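Please read the structure below before turning to the comments.
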Amino acid sequence: MLEVQNLKVSYGRIEALKTVSLNVGEGEFVGAIGSNGAGKTSLLMAISGAVGASGGRVSFDGEDITHLPQHLRVSRGIAIVPEGRQVLGPLSVIENLELGAYCRRRQPRAAIARDLDMVLELFPILRQRAQQLAATLSGGEQQMLAIGRALMSRPKLLLLDEPSFGLAPKIFAEILATLRRLHADGLACLMVEQDAHVTLETTSRSYVFRTGQIIMAGSSSQLRERGLVLVEESYLGAGELVQ
Ligand code: ATP
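Note that the working numbering numbers the sequence shown so that position 39 is 258, with each residue one more than the last.
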């Protein structure tokens, strides 16, 4: 479904991604792990269209979307849960969720209302907080809201940028359980994380990044067997290059 070929992202003279190729199949849960500055956020930004590619190609469902504006990528079925959540603090929970459905504003209200209800079923705490301003939510609630907002666009592929960031392990475990449910219902996910352990436990395939390149790739169970230490060492500098 998602094909990234020889993708490059640069910020001035800084090369954040140097010729990265990867793919995500329909309904797959894929991970991308790596240390600080490895280029994981740049990858998701380039797939979602928030930053432009300086080389290579991104295609989705067979269509070349490399130069498609971000809002049209949302309409094609790509939604992002950005690093640091980025909920709109002065708006209520419901208003944030409704904004997530902006690309569907010409669709019948009833369909959007059904999805709003689905999100509030998925995250019951958001129903309790419906009229509360997003800025006053806890970190975990804000992460749920960011995921809910992304779901409101009815994505086929959910891009998740470090969903564990700043959350207590128990809260993140609850969020992961919900992501697994969504995946079981057919949603494809590409999750970027620094936490190799959680990522390899959750995903079926993973890519390991270091300084803008993929240095290991394979099934998450294989990568687990090769040992988390090896995977972690590889992105800290001691591993071999497999791609
Ligand atoms: P982290 O886990 O810390 O978020 P990351 O793997 O997501 O890191 P990126 O945020 O993609 O990595 O950053 C990759 C490289 O690009 C880093 O060297 C970073 O300093 C640089 N970079 C990212 N955004 C910009 C920007 N807007 N301007 C200049 N350099 C940038």
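Backbone N, C-alpha and C fix where the C-beta goes; we use that ideal spot for every residue, glycine too.
In this text, all values refer to a predicted model and were calculated from it rather than measured experimentally.
Keeping to the same chain, check which residues put their C-beta closer than 7 Å to that of A457; ignore five residues upstream and five downstream. Residue placement at A457 is poorly supported in this model, since its pLDDT is 46, which falls under 50; the coordinates are not used for a value here.
Proximal residues to V293 (C-beta, below 7 Å), its chain only, five neighbours per side dropped: Excluding residues within five positions, the ones whose Cβ falls inside 7 Å are C322 and S372.
What separation, rounded to the nearest whole angstrom, lies between the Cα atoms of C408 and E302? 15 Å
Under the criterion of a Cβ to heavy atom distance below 7 Å, does A257 qualify as lining the ligand ATP? At least one heavy atom of the ligand ATP is found less than 7 Å from the C-beta of A257.
So, for L386: in the same chain, excluding its five sequence neighbours on each side, which residues have a beta-carbon less than 7 Å away from its beta-carbon? G358, G359 and Q362
So, using beta-carbon positions, are F428 and I252 closer together than 8 Å? yes
Within 10 angstroms of its Cβ, does G431 collect 16 or more other Cβ (buried), or is it exposed? buried
Short of 6 Å in beta carbon distance, which residues of its chain neighbour G275, apart from the five on each side in sequence? Order them along the chain. Q224, N225, L226 and K227
Could you tell me the distance, in whole angstroms, from the CA atom of T422 to the CA atom of L395? 11 Å
Same chain, Cβ closer than 7 Å to L398, five either side skipped, listed in chain order: C408.
Simplified DSSP state of S240, which is helix, strand or coil: In the structure shown, S240 sits in a strand (DSSP, three-state: E or B).
The ligand ATP and Y426: does the residue's C-beta get closer than 7 Å to at least one heavy atom of that ligand? no
Taking C-alpha atoms, which residue in A392, A257, E381 and E247 lies nearest to K237? A257
Would Y230 be called buried (16 or more neighbouring beta carbons within 10 Å of its own) or exposed? Flag for Y230 reads exposed.
I313 CB to nearest chain C CB: under 8 Å? Here chain C cannot be found, since the structure has a single protein chain.
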